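Engineer: Take this structure first; my questions come after.
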Amino acid sequence: MPQCSPFCSQLNDELKQSLKETMTQKYKQPGEEKVTNAVDRLQQEFKCCGSNNSQDWKESVWIKSPEAERRLVPDSCCKTVTPLCGARDHPSNIYRVEVRHGSNCFK
């Protein structure tokens, strides 16, 4: 059987980057409700935050906007979702914020 590892690795990297771009560019943007709902569902079901890690959200169009109300991550990153819980990015509150542990939604 042919090995897929070099190609799979490249595909994995490309998919991870695509997910990150979708999350940071389309989350909570007008007309992107389906993307927002899908990202929220993904993060809650997989207990994760961001494509690579919670730091991905620093690049988010929404997080940088006044509409984010000083959140650091979406509330769907929270272990217990409550309004504005994403404003506190402590590890006890946010799914896998530790960058060094591979805290991604895309495995």
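One gets my numbering by counting positions in the sequence shown from 1 and adding 105 to each. Where a beta carbon is used, it is the ideal one built from N, C-alpha and C, also for glycine. Just so it is clear, the structure is predicted and the values come from calculations on it, not from any experiment.
What is the rounded straight-line gap between the Cα of Q130 and the Cα of V166?
Structural biologist: Looking at the two C-alpha atoms, the distance is approximately 6 Å.
Engineer: Between Q148 and S181, how many whole angstroms is the CB-CB distance? I'm expecting something under 8 Å.
Structural biologist: At roughly 4 Å, the Cβ-Cβ gap stays under 8 Å, so Q148 and S181 are in contact.
Engineer: Keeping to the same chain, check which residues put their C-beta closer than 6 Å to that of C190; ignore five residues upstream and five downstream.
Structural biologist: Correct list, in chain order: D180, C183.
Engineer: Can you name the residues that DSSP bridges to I199?
Structural biologist: Answer is C183.
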